[in-house]
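Asks: Line by line, the protein sequences are chains A and B.
If you read the first sequence in my numbering, its first letter stands for residue 147, the second for the next number, and so on.
If you read the second sequence in my numbering, its first letter stands for residue 8, the second for the next number, and so on.
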Amino acid sequence: MPQNIIEIRNLDNKFGKQWIHHKLQLDIPKGEILAIIGGSGSGKTTLLRSMLMLQEPLAGEIKIFGENLKNITHAKAQKIRSRWGVLFQHSALFSAFTVLENIMFPMQELTNLTKQQQQDLALLKISLVGLPNHAANMYPYELSGGMQRRAAAARALAMDPELLFLDEPTTGLDPISARQFDELIVLLKNSLNLTIVIISHDIASLERCTDRVAFIGEGKVLALEPIEQLKLNQHPLIAQYFSNII
Amino acid sequence: MNVNISIMRHYLPPTVKLNPENNTIELNGSWEIYSINAVEWPEITANSHKLTIDASQIISLDSAGAYALIEFRKKLHARNVSSIVIGLSADKAELYDLISSKISHLKPQLNQEEKEPILVRIGKEAYQKYLQLIGLLTLVGDLLLTIKHNFDKPRRFHFDYIFSNIAQTGIFALPILALLSFLIGVVLAYQMGLQLETYGANIFIAYLCGMAIFREFGPLITAIIVAGRTSSAFTAQIGSMKLNEEIDALETMGLSPTEFLVAPKVIGLTVVFPLLIFWSNIFGILGAMFMGKIMLHIGYHDFLVRLRESVGLKQMALGLYKAPAFAILIALVGCFQGFRVGNSADSVGHQTTKSVVQSLFLIIIIDAIYSIIYSALDL
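1. Just to check my reading of the structure: residue 288 of chain B and residue 220 of chain B have Cβ atoms closer than 8 Å, yes? What is that Cβ distance to the nearest angstrom?
2. For a contact meaning CB atoms closer than 8 Å, what does residue 305 of chain A contact in chain B?
3. Nearest CA to the CA of residue 302 of chain A: which residue from A/245, A/280 and A/284?
4. Looking only at its chain, what residues have a beta carbon closer than 8 Å to the beta carbon of residue 269 of chain A, apart from the 5 residues adjacent to it on each side?
5. Tell me the residue span of the beta strand (DSSP E) that contains residue 161 of chain A.
6. Helix, strand or coil: how does DSSP classify residue 94 of chain B here?
7. Between the stretch 250-267 of chain B and chain A, which residues of the former have a C-beta closer than 9 Å to a C-beta of the latter?
8. Given this structure, state the Cα-to-Cα distance separating residue 149 of chain A from residue 242 of chain B, to the nearest angstrom.
9. Pull up the DSSP beta-bridge partners for residue 363 of chain A, would you.
10. Less than 8 Å between the C-beta atoms of residue 395 of chain B and residue 363 of chain B, yes or no?
11. To which residues of the same chain is residue 175 of chain A closer than 8 Å at the C-beta, ignoring the five residues directly before and after it?
12. If you follow the alpha helix (DSSP H) that residue 396 of chain A is in, where does it begin and where does it stop?
13. In the stretch 96-180 of chain B, which residue ranges form an unbroken beta strand (DSSP E) of at least 3 residues, counting only runs that do not cross its ends?
14. Taking Cβ-Cβ distances shorter than 8 Å, what residues in chain A pair up with residue 109 of chain B?
15. With a threshold of 16 other CB atoms inside 10 Å of the CB of residue 229 of chain B, please say whether the residue is buried or exposed.
16. Output, in sequence order along the chain, the residues in the stretch 329-352 of chain B whose CB is closer than 9 Å to any CB in chain A.
17. For the alpha helix (DSSP H) containing residue 22 of chain B, list its first residue and its last residue.
18. Residue 164 of chain A by DSSP, collapsed to three states: which one?
19. So, at 7 Å on beta carbons, what are the nonlocal neighbours of residue 358 of chain A in its own chain, with the 5 sequence-adjacent residues on each side left out?
20. State yes or no: is the beta carbon of residue 144 of chain B nearer than 8 Å to at least one beta carbon in chain A?
21. Does residue 242 of chain A have its Cβ less than 8 Å from a Cβ in chain B?
22. Buried or exposed: where does residue 159 of chain A fall if 16 or more other Cβ atoms within 10 Å of its Cβ makes it buried?
23. Using a Cβ-Cβ cutoff of 9 Å, what residues of the stretch 337-357 of chain A are near chain B? List them in chain order.
24. Quick one, which of A/365, A/366 and A/361 has its alpha-carbon nearest residue 375 of chain A's?
25. Check residue 310 of chain A in the structure and name its three-state DSSP category.
26. So residue 193 of chain A and residue 167 of chain A are supposed to be a Cβ contact under 8 Å. How far apart are they, rounded?
27. Look up residue 286 of chain A in the DSSP assignment and say whether it is helix, strand or coil.
28. For the alpha helix (DSSP H) containing residue 221 of chain A, name the first residue and the last one.
29. Can the beta-carbon of residue 34 of chain B be found closer than 8 Å to that of residue 73 of chain B?
30. Is there at least one Cβ from chain B nearer than 8 Å to residue 258 of chain A's Cβ?
31. Give me the Cα-Cα distance between residue 57 of chain B and residue 91 of chain B, rounded to the nearest whole angstrom.
32. What does the Cβ neighbour count give for residue 295 of chain B, buried or exposed, with the cut at 16 atoms within 10 Å?
33. Which residue from A/207, A/314, A/264 and A/218 puts its Cα closest to that of residue 186 of chain A?
34. So, at 7 Å on beta carbons, what are the nonlocal neighbours of residue 247 of chain B in its own chain, with the 5 sequence-adjacent residues on each side left out?
35. Between the stretch 285-298 of chain A and chain B, which residues of the former have CB atoms less than 9 Å from a CB of the latter, in chain order?
36. Under three-state DSSP, which class holds residue 40 of chain B?
Right, here's the structure in full:
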């Protein structure tokens, strides 16, 4: 029986007078690549921010690694944070640091590894995400968009997380970089035993790398199924979404 | 198969046990990034040339754990001890192989900064300063051209921006400026009063404070406060716009950043600066009057009459003449440093600091130049 890394029950969120989420339910089992899609304003980002403890939901329950995020103690929250990695939409690399320093930064602050170990592990992550070795000493602004995304992925992997959140990882990448990035996601999932949650609009990319896709609309998860089935779903919102995109 | 790992796992410290009888090392515990530094590796004596590393009891393994194990085997290898790893479950073995294939390519390359000879560094720095000067002059030229073109189409002056700049840089600075000027007036009167009292020349307090405040302190305090408040704000605003590519967006639309960002700031500050100096003068004199009354027992009326007779409007005007120079300088330096912001959040802070320091530096230089001119003209 698969275990659920994330369990969301009856999540409510409101923006002004409008419901963003209303009684939203979602389970994410261990070892799955799950994508969350939906039209603009359907609350994907709010859902992600709620899961990341960046925004407190109005009502409802979110459990990550079996811990309820509501009224969680600081120590437990820190423990959860140490087990996930996040890749932000605009990479969010620290601009004052080189790529190597960006990846070493969480290790420096959170572990007692020696400098040499930190550096070796950081270089390891750099080669794992397919960046050339010389990128290590470059600053984020010296990298192309695709390389920045890879560097951000390397930083998200710095602490060897079990759970990886990717916020629009392939948006703004050229098709070749996007495909390489998808292959990277699958490789990482298989070799590092990750559970991956992706927020994305890129259907081609979802077809390549996801196990299942959750479609959010009307404040709920309207469907949770593999992308091939989702494309054939007759729900008007879902059908409209795919007809607009393809 | 170990199915019952609870979702909230327990970390067990990783342990290593050497069994000398059959040359086996048994590994135990969680081999993860938080714990691998706690591993105490056993001393390997020279008589064991072949070691078996039994990893079947490992609870969890991540890439840092695999790295630690690989490093240990490298050390063994350096001592001519060969080793094999047994007992890794399939997914852990896959991770281990991936890491060990990647780790052989690691080439640590840290930035090695070459030290240049001192003369080269001085030369480079001087050239940088020269380029900065050229940049500032370019901005001045661009600004003058923009203002000249604006007269063809007065709408281009963007009066709404000018007014909002006047509010931001002028009106909102009034309280702090009043308070500081008042305090300076008090301190000034106190220090002079100490001397005057010994000569019994109490009434000269009006003349001395009036001269000092109108000619120097009013303009200087205003300039210092505006430099701290406004020039830094200009730099931070333009700098973050540059980081966010907003400046590039303006350029590509065919709109001039100078017209939208620099000209309203320079014009607004130039308009409001003399008023700020006047405001500072009022409160400086109030502070001096207050202290004169308390310490030297000079009535407010006597003080003001004496001020008008011995100092007069002419001295105040000499202070106000400094306003345009200070205002244009502060606004230009603030904007110029904003445009020099590079690609990192760090450089916003760096240039903001620079803009305040440079404005203060240049204010004092300009003030000195004014003094020279005034004394040459016998004013």
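All residues carry an ideal CB built from backbone N, CA and C; glycine is no exception.
Replies: Short version:
1. 6 Å
2. 40
3. A/245
4. 246, 279 and 282
5. 150-161
6. coil
7. 250
8. 53 Å
9. A/366
10. Nothing in the structure corresponds to residue 395 of chain B, since chain B is present only between 8 and 386.
11. 148, 149, 150, 151 and 341
12. Here chain A has residues from 147 to 392 only, and residue 396 of chain A is not among them.
13. none
14. 270, 273 and 274
15. buried
16. 349, 350, 351 and 352
17. Not the alpha helix (DSSP H): residue 22 of chain B falls in the beta strand (DSSP E), residues 22-26.
18. strand
19. 178, 180, 370, 371 and 372
20. no
21. yes
22. buried
23. 337, 338 and 339
24. A/361
25. strand
26. 7 Å
27. helix
28. 220-227
29. no
30. yes
31. 8 Å
32. buried
33. A/314
34. 355
35. 285, 286, 287 and 288
36. coil
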